[in-house]
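Quick note on the numbering used here: the sequence shown kicks off at 774 and runs consecutively.
All residues carry an ideal CB built from backbone N, CA and C; glycine is no exception.
Only a predicted model underlies this, so the values are computations on that prediction, with no experimental measurement involved.
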Amino acid sequence: MKIVVLDGYAMNSGDLSWENLKKLGEVSIYDRTLESEVVERISDSEIVITNKVIIGKEVFEKCKNIKYVGVTATGYNVVDTNLAKELGVIVTNVPAYSTDSVAQLVFSFILEHCQNVFKYTESVKSGDWVNSKDFSYQKFPIIELTGKNLGIIGFGAIGKKVAEIGNAFGMNVLVNTSSPSADKINVNFVSKEEIFKNSDFLTLHCPLNNETDEIVNEKTLNLMKKSAILINTGRGGLVNEKDLANALNLEKIAGAGLDVLSTEPPKEDNPLLNAKNTYITPHVAWASYEARKRLMDVTINNVKSFIDGNPINVVNK
(Lines of atoms letter the chains of each structure in order from A and count residues from 1; the text may use other names and numbers.)
(Lines give C-alpha, C1' and ligand atoms only; values in the text may rest on other atoms or scores of the structure.)
Protein backbone atom coordinates (compact mmCIF):
# COMPACT_ATOMS: atom_id res chain seq x y z
CA MET A 1 0.00 0.00 0.00
CA LYS A 2 1.09 3.57 -0.63
CA ILE A 3 1.40 5.53 2.60
CA VAL A 4 1.96 9.29 2.73
CA VAL A 5 2.86 11.29 5.85
CA LEU A 6 1.91 14.91 5.15
CA ASP A 7 3.40 16.75 8.13
CA GLY A 8 5.68 14.42 10.00
CA TYR A 9 7.90 17.11 11.51
CA ALA A 10 5.34 17.94 14.19
CA MET A 11 5.68 14.47 15.68
CA ASN A 12 9.21 13.61 14.62
CA SER A 13 11.80 16.38 14.35
CA GLY A 14 14.52 13.76 13.92
CA ASP A 15 14.75 11.96 17.25
CA LEU A 16 12.25 9.18 16.40
CA SER A 17 12.28 6.49 13.72
CA TRP A 18 9.86 5.86 10.84
CA GLU A 19 11.32 2.39 10.19
CA ASN A 20 8.34 0.43 11.54
CA LEU A 21 5.99 2.42 9.32
CA LYS A 22 8.19 1.77 6.28
CA LYS A 23 7.75 -1.96 6.87
CA LEU A 24 4.02 -1.62 6.15
CA GLY A 25 4.14 -0.28 2.61
CA GLU A 26 5.60 2.21 0.15
CA VAL A 27 6.08 5.26 2.37
CA SER A 28 6.61 8.91 1.47
CA ILE A 29 7.30 11.28 4.37
CA TYR A 30 7.03 15.06 4.15
CA ASP A 31 7.96 17.34 7.05
CA ARG A 32 5.34 19.89 5.96
CA THR A 33 2.71 20.13 3.24
CA LEU A 34 1.05 23.27 1.95
CA GLU A 35 -2.64 23.21 1.13
CA SER A 36 -1.76 23.53 -2.56
CA GLU A 37 0.45 20.43 -2.38
CA VAL A 38 -1.93 18.00 -0.67
CA VAL A 39 -3.74 16.55 -3.68
CA GLU A 40 -0.56 16.04 -5.69
CA ARG A 41 1.15 14.25 -2.85
CA ILE A 42 -1.67 11.83 -1.96
CA SER A 43 -3.50 11.47 -5.29
CA ASP A 44 -2.69 7.76 -5.66
CA SER A 45 -2.26 6.84 -1.98
CA GLU A 46 -4.46 4.52 0.04
CA ILE A 47 -3.19 5.59 3.46
CA VAL A 48 -2.74 9.21 4.55
CA ILE A 49 -1.17 10.33 7.83
CA THR A 50 -1.86 13.92 8.94
CA ASN A 51 -1.52 16.11 11.98
CA LYS A 52 -2.72 19.59 10.98
CA VAL A 53 -3.11 19.26 7.20
CA ILE A 54 -6.83 19.39 6.39
CA ILE A 55 -8.41 16.46 4.57
CA GLY A 56 -11.78 17.80 3.46
CA LYS A 57 -14.32 17.49 0.68
CA GLU A 58 -12.10 18.73 -2.14
CA VAL A 59 -9.30 16.35 -1.20
CA PHE A 60 -11.62 13.35 -0.96
CA GLU A 61 -13.20 14.23 -4.32
CA LYS A 62 -9.84 14.41 -6.07
CA CYS A 63 -8.11 11.54 -4.29
CA LYS A 64 -10.35 8.54 -4.91
CA ASN A 65 -7.84 5.95 -3.70
CA ILE A 66 -7.90 7.04 -0.05
CA LYS A 67 -9.07 4.23 2.21
CA TYR A 68 -7.63 5.34 5.53
CA VAL A 69 -6.70 8.64 7.23
CA GLY A 70 -4.65 8.46 10.42
CA VAL A 71 -4.59 11.62 12.53
CA THR A 72 -1.46 11.92 14.67
CA ALA A 73 -3.34 13.65 17.48
CA THR A 74 -6.29 13.12 19.78
CA GLY A 75 -8.42 15.81 18.11
CA TYR A 76 -9.47 14.95 14.57
CA ASN A 77 -11.34 18.04 13.34
CA VAL A 78 -8.84 18.35 10.46
CA VAL A 79 -10.70 15.53 8.68
CA ASP A 80 -14.27 15.62 7.34
CA THR A 81 -15.19 12.47 9.22
CA ASN A 82 -18.82 12.43 8.07
CA LEU A 83 -17.85 12.49 4.41
CA ALA A 84 -15.13 9.94 5.08
CA LYS A 85 -17.73 7.60 6.57
CA GLU A 86 -19.98 8.04 3.52
CA LEU A 87 -17.05 7.15 1.29
CA GLY A 88 -16.07 4.15 3.40
CA VAL A 89 -12.80 5.76 4.52
CA ILE A 90 -11.61 4.81 7.99
CA VAL A 91 -10.38 7.68 10.18
CA THR A 92 -8.40 7.04 13.37
CA ASN A 93 -6.85 9.15 16.09
CA VAL A 94 -4.40 8.63 18.96
CA PRO A 95 -6.20 9.02 22.28
CA ALA A 96 -4.63 9.99 25.61
CA TYR A 97 -0.98 9.76 24.53
CA SER A 98 0.02 13.11 26.10
CA THR A 99 -1.92 13.04 29.37
CA ASP A 100 1.09 12.97 31.68
CA SER A 101 3.05 15.54 29.68
CA VAL A 102 0.20 18.06 29.55
CA ALA A 103 -0.49 17.71 33.27
CA GLN A 104 3.22 18.26 33.91
CA LEU A 105 3.19 21.58 32.03
CA VAL A 106 0.10 22.69 33.96
CA PHE A 107 2.04 22.33 37.19
CA SER A 108 5.15 23.86 35.63
CA PHE A 109 3.11 27.02 35.16
CA ILE A 110 1.66 26.77 38.66
CA LEU A 111 5.00 26.11 40.36
CA GLU A 112 6.85 28.82 38.45
CA HIS A 113 4.26 31.33 39.63
CA CYS A 114 4.42 30.07 43.21
CA GLN A 115 8.19 29.64 43.53
CA ASN A 116 9.56 32.33 41.19
CA VAL A 117 12.47 30.01 40.34
CA PHE A 118 13.50 31.99 37.24
CA LYS A 119 13.37 35.35 39.03
CA TYR A 120 15.38 34.05 41.99
CA THR A 121 17.96 32.49 39.67
CA GLU A 122 18.38 35.78 37.83
CA SER A 123 18.65 37.60 41.15
CA VAL A 124 21.39 35.27 42.39
CA LYS A 125 23.30 35.49 39.11
CA SER A 126 23.16 39.29 39.27
CA GLY A 127 24.96 39.20 42.64
CA ASP A 128 22.10 39.70 45.09
CA TRP A 129 23.03 36.63 47.19
CA VAL A 130 26.75 37.32 47.13
CA ASN A 131 26.04 40.80 48.47
CA SER A 132 23.33 39.77 50.91
CA LYS A 133 23.74 40.58 54.61
CA ASP A 134 21.83 37.39 55.47
CA PHE A 135 22.07 33.69 54.58
CA SER A 136 18.70 34.00 52.82
CA TYR A 137 16.56 36.74 51.34
CA GLN A 138 12.97 36.97 50.12
CA LYS A 139 12.79 39.23 47.10
CA PHE A 140 9.76 37.60 45.48
CA PRO A 141 6.73 35.97 47.10
CA ILE A 142 6.60 32.19 47.57
CA ILE A 143 3.18 30.57 47.70
CA GLU A 144 2.36 27.18 49.22
CA LEU A 145 -0.11 25.04 47.27
CA THR A 146 -1.57 23.12 50.19
CA GLY A 147 -5.11 24.32 50.85
CA LYS A 148 -5.36 26.37 47.64
CA ASN A 149 -8.31 25.84 45.29
CA LEU A 150 -7.43 24.18 42.00
CA GLY A 151 -10.25 24.66 39.49
CA ILE A 152 -10.49 22.30 36.51
CA ILE A 153 -12.92 22.88 33.65
CA GLY A 154 -13.34 19.61 31.77
CA PHE A 155 -12.70 16.22 33.33
CA GLY A 156 -11.36 13.85 30.73
CA ALA A 157 -8.07 11.97 31.07
CA ILE A 158 -5.95 15.12 31.39
CA GLY A 159 -8.33 16.85 33.80
CA LYS A 160 -8.31 13.78 36.02
CA LYS A 161 -4.52 13.54 35.99
CA VAL A 162 -4.28 17.22 36.96
CA ALA A 163 -6.75 16.54 39.79
CA GLU A 164 -4.64 13.62 41.05
CA ILE A 165 -1.55 15.82 41.17
CA GLY A 166 -3.55 18.55 42.89
CA ASN A 167 -4.63 16.00 45.51
CA ALA A 168 -0.98 15.04 46.05
CA PHE A 169 -0.14 18.70 46.74
CA GLY A 170 -2.98 18.92 49.25
CA MET A 171 -5.06 21.27 47.11
CA ASN A 172 -8.84 21.53 47.17
CA VAL A 173 -9.87 20.38 43.69
CA LEU A 174 -12.96 21.97 42.14
CA VAL A 175 -14.32 20.58 38.87
CA ASN A 176 -16.82 21.90 36.38
CA THR A 177 -17.87 19.31 33.81
CA SER A 178 -20.95 18.10 31.97
CA SER A 179 -20.10 14.51 32.96
CA PRO A 180 -19.28 14.34 36.68
CA SER A 181 -17.47 11.13 37.64
CA ALA A 182 -14.83 11.27 40.36
CA ASP A 183 -13.23 7.84 39.76
CA LYS A 184 -11.90 7.75 43.34
CA ILE A 185 -10.30 11.18 42.93
CA ASN A 186 -11.05 13.64 45.72
CA VAL A 187 -12.87 16.49 43.94
CA ASN A 188 -15.88 18.74 44.38
CA PHE A 189 -18.14 19.30 41.38
CA VAL A 190 -19.28 22.90 41.11
CA SER A 191 -21.05 25.25 38.71
CA LYS A 192 -19.25 27.38 36.13
CA GLU A 193 -19.86 30.51 38.18
CA GLU A 194 -18.49 28.88 41.34
CA ILE A 195 -15.33 27.64 39.67
CA PHE A 196 -14.48 31.08 38.31
CA LYS A 197 -15.24 32.74 41.66
CA ASN A 198 -13.40 30.32 43.93
CA SER A 199 -10.34 29.05 42.05
CA ASP A 200 -6.86 30.16 43.00
CA PHE A 201 -5.62 28.33 39.92
CA LEU A 202 -8.03 27.66 37.06
CA THR A 203 -6.98 25.26 34.30
CA LEU A 204 -8.88 24.48 31.10
CA HIS A 205 -9.21 20.88 29.85
CA CYS A 206 -12.55 20.92 28.05
CA PRO A 207 -13.14 20.42 24.33
CA LEU A 208 -13.72 23.48 22.18
CA ASN A 209 -17.35 23.52 21.06
CA ASN A 210 -20.33 25.87 20.95
CA GLU A 211 -20.74 25.72 24.73
CA THR A 212 -17.09 26.35 25.59
CA ASP A 213 -16.09 28.81 22.85
CA GLU A 214 -14.52 31.79 24.69
CA ILE A 215 -15.67 30.42 28.04
CA VAL A 216 -13.02 32.75 29.44
CA ASN A 217 -14.25 36.25 28.66
CA GLU A 218 -14.75 39.63 30.32
CA LYS A 219 -17.76 38.40 32.29
CA THR A 220 -16.13 35.25 33.66
CA LEU A 221 -12.79 36.97 34.26
CA ASN A 222 -14.56 39.56 36.38
CA LEU A 223 -15.70 36.73 38.65
CA MET A 224 -12.14 35.63 39.40
CA LYS A 225 -9.97 36.53 42.37
CA LYS A 226 -7.31 39.20 41.81
CA SER A 227 -4.79 36.63 43.03
CA ALA A 228 -5.97 33.92 40.62
CA ILE A 229 -3.94 32.32 37.82
CA LEU A 230 -5.50 31.07 34.57
CA ILE A 231 -3.90 28.16 32.69
CA ASN A 232 -4.82 27.05 29.19
CA THR A 233 -3.22 23.96 27.66
CA GLY A 234 -6.42 23.02 25.81
CA ARG A 235 -7.46 25.10 22.83
CA GLY A 236 -6.84 28.78 22.15
CA GLY A 237 -10.48 29.35 21.27
CA LEU A 238 -11.51 28.71 24.87
CA VAL A 239 -10.25 32.21 25.67
CA ASN A 240 -11.25 35.65 24.43
CA GLU A 241 -7.69 36.86 24.10
CA LYS A 242 -8.43 40.57 24.14
CA ASP A 243 -10.48 40.21 27.33
CA LEU A 244 -7.76 38.15 29.00
CA ALA A 245 -5.03 40.62 28.01
CA ASN A 246 -7.09 43.47 29.45
CA ALA A 247 -7.66 41.57 32.70
CA LEU A 248 -3.93 40.88 33.02
CA ASN A 249 -2.86 44.43 32.19
CA LEU A 250 -5.39 45.90 34.61
CA GLU A 251 -4.28 43.32 37.24
CA LYS A 252 -7.80 41.93 37.59
CA ILE A 253 -6.12 38.52 37.82
CA ALA A 254 -2.54 37.76 38.84
CA GLY A 255 -1.28 35.90 35.80
CA ALA A 256 -1.77 33.34 33.04
CA GLY A 257 0.07 30.27 31.74
CA LEU A 258 -0.76 29.61 28.09
CA ASP A 259 0.40 26.84 25.78
CA VAL A 260 -2.20 27.51 23.09
CA LEU A 261 -3.46 30.58 21.26
CA SER A 262 -6.36 31.16 18.86
CA THR A 263 -4.04 31.29 15.84
CA GLU A 264 -0.83 29.25 15.74
CA PRO A 265 1.73 30.53 15.05
CA PRO A 266 0.28 33.72 16.54
CA LYS A 267 0.10 37.02 14.73
CA GLU A 268 2.43 39.76 15.91
CA ASP A 269 -0.49 41.82 17.19
CA ASN A 270 -1.88 39.10 19.47
CA PRO A 271 -2.58 41.08 22.66
CA LEU A 272 -1.37 38.28 24.93
CA LEU A 273 2.20 38.33 23.63
CA ASN A 274 2.91 41.51 25.60
CA ALA A 275 0.39 41.18 28.40
CA LYS A 276 1.54 41.47 32.02
CA ASN A 277 2.42 38.39 34.07
CA THR A 278 1.98 35.93 31.24
CA TYR A 279 3.93 32.74 30.59
CA ILE A 280 3.53 31.49 27.01
CA THR A 281 4.91 28.29 25.51
CA PRO A 282 4.56 27.36 21.80
CA HIS A 283 1.98 24.53 22.00
CA VAL A 284 4.49 22.07 23.47
CA ALA A 285 2.54 20.53 26.35
CA TRP A 286 2.10 17.35 24.32
CA ALA A 287 5.63 17.26 22.93
CA SER A 288 7.82 15.45 25.45
CA TYR A 289 9.97 12.73 23.87
CA GLU A 290 8.02 10.08 25.75
CA ALA A 291 4.64 11.39 24.58
CA ARG A 292 5.78 11.69 20.96
CA LYS A 293 7.20 8.15 21.11
CA ARG A 294 3.80 6.89 22.29
CA LEU A 295 2.18 8.93 19.53
CA MET A 296 4.46 7.38 16.92
CA ASP A 297 3.93 3.85 18.23
CA VAL A 298 0.14 4.13 18.32
CA THR A 299 0.03 5.82 14.91
CA ILE A 300 1.96 2.94 13.34
CA ASN A 301 -0.10 0.34 15.20
CA ASN A 302 -3.28 2.04 13.95
CA VAL A 303 -2.02 1.70 10.37
CA LYS A 304 -0.98 -1.93 10.88
CA SER A 305 -4.34 -2.80 12.43
CA PHE A 306 -6.13 -1.23 9.46
CA ILE A 307 -4.01 -3.18 6.96
CA ASP A 308 -4.68 -6.37 8.95
CA GLY A 309 -8.42 -5.75 8.67
CA ASN A 310 -9.01 -4.96 12.36
CA PRO A 311 -8.95 -1.14 12.60
CA ILE A 312 -8.65 0.37 16.07
CA ASN A 313 -9.15 3.89 17.46
CA VAL A 314 -11.70 4.56 14.73
CA VAL A 315 -13.48 7.92 15.16
CA ASN A 316 -16.05 7.70 12.34
CA LYS A 317 -17.79 4.38 12.93
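Closest by C-alpha distance to S938, when choosing among N949, N990, G924: Counting from one through the sequence shown, the residue named residue 938 turns up at place 165. Per the sequence shown, the amino acid found at residue 938 is Ile instead of Ser. If we check each option's Cα against that of I938, G924 comes out closest.
What residue does the beta strand (DSSP E) around S801 start on, and which one ends it? Residue 801 sits at position 28 when you count from the first residue of the sequence shown. 799 to 802 is the extent of the beta strand (DSSP E) around S801.
In the DSSP assignment, find the unbroken alpha helix (DSSP H) run with N940 in it and report its ends. On the sequence shown, position 167 is the one that residue 940 refers to. Segment 930 to 941, the alpha helix (DSSP H) holding N940.
Exposure label - N785; buried when at least 16 CB within 10 Å: By 1-based counting over the sequence shown, the position of residue 785 is 12. It is buried - the Cβ of N785 has at least 16 other Cβ atoms within 10 Å.
Count the other C-beta atoms from every protein chain shown that fall within 10 angstroms of the C-beta of Y782, then say buried if there are 16 or more, exposed otherwise. Translated into the one-based positions of the sequence shown, residue 782 becomes position 9. Answer is exposed; the Cβ neighbour count stays below 16.
Supposed contact pair V1088 and Y849 - C-beta distance, whole angstroms, cut 8 Å: In the sequence shown, residue 849 corresponds to position 76, counting from 1. In the sequence shown, residue 1088 corresponds to position 315, counting from 1. Their Cβ separation, rounded to whole angstroms, is 5 Å, which keeps Y849 and V1088 in contact under 8 Å.
Unbroken beta strand (DSSP E) runs of length 3 or more, entirely within the segment 982 to 1010: which are they? The segment 982 to 1010 contains these whole beta strand (DSSP E) runs: 1002 to 1005.
Work out the CA separation of I968 and L996 for me, nearest whole Å. Residue 996 sits at position 223 when you count from the first residue of the sequence shown. Residue 968 sits at position 195 when you count from the first residue of the sequence shown. L996 and I968: Cα-Cα distance of roughly 9 Å.
Could you spell out the range, first to last residue, of the beta strand (DSSP E) harbouring T823? Stepping through the sequence shown from its first residue, residue 823 is reached at position 50. T823: member of the beta strand (DSSP E) spanning 820 to 823, first to last residue.
Cβ shell of E987 (< 6 Å), same chain only, five flanking positions each side left out: Here the question's residue 987 lines up with position 214 in the sequence shown. The residues are N1013.
So, does the segment 838 to 847 touch the segment 809 to 826, judging by three or more C-beta pairs under 8 Å? Touching, yes, given that three or more Cβ pairs across the two stretches are closer than 8 Å.
Within the segment 810 to 862, ranges of the alpha helix (DSSP H) (whole runs, at least 4 residues): As far as the segment 810 to 862 is concerned, its whole alpha helix (DSSP H) runs of at least 4 residues are 811 to 815, 830 to 835, 854 to 859.
Going along the chain, which residues of its own chain have a beta-carbon closer than 7 Å to the beta-carbon of L856, five neighbours each way excluded? Within the sequence shown, the letter at position 83 stands for residue 856. Excluding sequence neighbours, L856 sits near K830, F833.
V826 and Y779 - do their beta-carbons sit closer together than 8 Å? Stepping through the sequence shown from its first residue, residue 779 is reached at position 6. Stepping through the sequence shown from its first residue, residue 826 is reached at position 53. In the sequence as displayed, the identity of residue 779 is Leu instead of Tyr. Judged by beta-carbon spacing, V826 lies within the 8 Å limit of L779, meaning their Cβ atoms are closer than that value.
Quick one: what does DSSP say Y910 is sitting in, helix, strand or coil? What you label residue 910 is simply residue 137 of the sequence shown in a count that begins at 1. Assignment of Y910 by DSSP, reduced to helix, strand and coil, places it in the coil class.
Would you mind reading off the limits of the beta strand (DSSP E) that contains L977? On the sequence shown, position 204 is the one that residue 977 refers to. L977 -> beta strand (DSSP E) spans 974 to 977.
Using only CA atoms, which one of L1068, N824, L1034 lies nearest to V989? Along the sequence shown, one-based indexing puts residue 989 at 216. Among L1068, N824, L1034, the Cα nearest to that of V989 belongs to L1034.
For Y1052, the residue or residues it bridges with in DSSP: Taking the sequence shown and counting its residues from 1, one reaches residue 1052 at position 279. DSSP lists G1030 as partners of Y1052.
How is V948 classed by DSSP in three states: helix, strand or coil? Taking the first residue of the sequence shown as position 1, residue 948 is located at position 175. Strand.
Excluding sequence positions up to five away, which residues of its chain have a Cβ less than 7 Å from the Cβ of M1069? Start at 1 with the first residue of the sequence shown, and residue 1069 comes out as number 296. Around M1069: M784, N785, L789.
Beta-carbon contacts of V851 that lie in its chain and below 8 Å, excluding the five residues immediately before and after: In the sequence shown, residue 851 corresponds to position 78, counting from 1. Cβ neighbours of V851 beyond the five flanking positions: T823, N824, K825, V826, I827, I828, V844.
If the criterion is Cβ atoms closer than 8 Å, does the pair Y870 and R1008 meet it? Sequence index remark: in the sequence shown, residue 870 carries index 97 (1-based). Sequence index remark: in the sequence shown, residue 1008 carries index 235 (1-based). No, these two residues do not count as a Cβ contact at 8 Å.
Exposed or buried, what is F880 when buried is set at 16 or more other beta-carbons lying within 10 Å of its beta-carbon? Residue 880 sits at position 107 when you count from the first residue of the sequence shown. Classification of F880: buried, given that the 10 Å Cβ count is 16 or more.
Using the three-state DSSP reduction, which class does T806 fall into: helix, strand or coil? Reading the sequence shown from its first residue, position 33 is the one you call residue 806. In the three-state DSSP reduction, T806 falls in the coil class, being neither helix nor strand.
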